[in-house]
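Here's the structure, in structure tokens; my notes come after.
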Amino acid sequence: AQTVTQSQPEMSVQEAETVTLSCTYDTSESNYYLFWYKQPPSRQMILVIRQEAYKQQNATENRFSVNFQKAAKSFSLKISDSQLGDTAMYFCAFMKQSMNRDDKIIFGKGTRLHILP
Amino acid sequence: EPEVTQTPSHQVTQMGQEVILRCVPISNHLYFYWYRQILGQKVEFLVSFYNNEISEKSEIFDDRFSVERPDGSNFTLKIRSTKLEDSAMYFCASSENRAKNIQYFGAGTRLSVL
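Line by line, the protein sequences are chains R and V.
Throughout, the working numbering is defined as the position within the first sequence, counted from one, plus 858.
Throughout, the working numbering is defined as the position within the second sequence, counted from one, plus 1113.
See the structure below:
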């Protein structure tokens, strides 16, 4: 069974600083996807960034980038030049790459990130 | 931008009653999901649905739970004989196709069973 672990329940950083959220996972699968989802207070979860395990290059989306270490099963999220709107719960998540219907997402417990003015 | 919409935002019910949680997925999406999050715990998969049938369900999704897409737009989760431990946030998600592997989530319905 797959598991996703986020070891930082809560973090706070000053606006404009860079922050890194940690995530590790465990799987015996070779092909899979990893995600970071953001959930602002009382809002829906939105996809921040997606990484395909077969790709060595780390995914980037504007100020968001990941450090994907497949051998170490580590998938951290870096937020550069943090903004007040980045305040949210961040979930690391895993999905098998499957030819059958197994496309459920496995989530970590989340890291609550506060950006301070 | 299209969104997944869930209603109500908060549902309170008495133990033993039936509840229906409603979701309107994004209109061209074909794959539908329910997840739940008990307070302080992980978001957990409940069920996936495609082509008018359940694709996969977790052990949480016992015979008190059912899903339906009654009219081609709504996607509902029904829980019969609710228990205290059903209290949680329930999230609906939809996906355009499996190749894109991106699930879009609603804001959730908080279910409180008293």
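Don't be surprised by glycine CBs; every beta carbon is placed ideally from N, CA and C.
Bear in mind the structure is a predicted one, so any value in this text is a computation, not a measurement.
### Query
Under three-state DSSP, which class holds R:Glu873?
In the structure shown, R:Glu873 adopts coil according to DSSP, grouped into three states.
#### Entry: V:Phe1281 vs V:Phe1145 beta-carbon contact at 8 Å
This structure cannot settle anything about residue 1281 of chain V, because the visible part of chain V is limited to 1114 through 1227.
### Where V:Ala1220 meets chain R, residues with beta-carbon distance less than 8 Å
Simply Ser900, Arg901 and Gln902.
### Query
Do R:Lys967 and R:Gln864 come within 8 Å of each other at the CB atom, strictly closer than that value?
It is a contact, given that the beta carbons lie within the stated cut-off.
### Cβ contact check for the segment 1132-1142 of chain V and the segment 941-948 of chain R: 3 or more pairs under 8 Å
Verdict: no, contact absent.
### Task
Compare the C-alpha of V:Glu1172 against each of V:Phe1204, V:Tyr1203 and V:Val1160 and name the closest.
With distances taken between Cα atoms, V:Glu1172 lies closest to V:Val1160.
### 3-residue-minimum beta strand (DSSP E) runs that sit fully inside the segment 1123-1179 of chain V, ordered along the chain
Runs of the beta strand (DSSP E) inside the segment 1123-1179 of chain V: 1123-1126, 1132-1137, 1144-1150, 1156-1163 and 1166-1170.
### Query
Along the segment 866-886 of chain R, what residues have a CB closer than 9 Å to any CB found in chain V?
Here the close residues number zero.
#### Entry: Backbone CA spacing between R:Glu868 and R:Ser932 [nearest angstrom]
Near 19 Å, if we compare the C-alpha coordinates of R:Ser932 and R:Glu868.
### Task
Please look up how many angstroms separate the CB atoms of R:Ala874 and R:Tyr890, rounded, as I've assumed it's under 8 Å.
Wrong, their Cβ atoms sit about 34 Å apart, outside the cutoff.
### Query
Are any of the Cβ atoms in chain R nearer than 8 Å to that of V:Gln1216?
Yes, contact with chain R.
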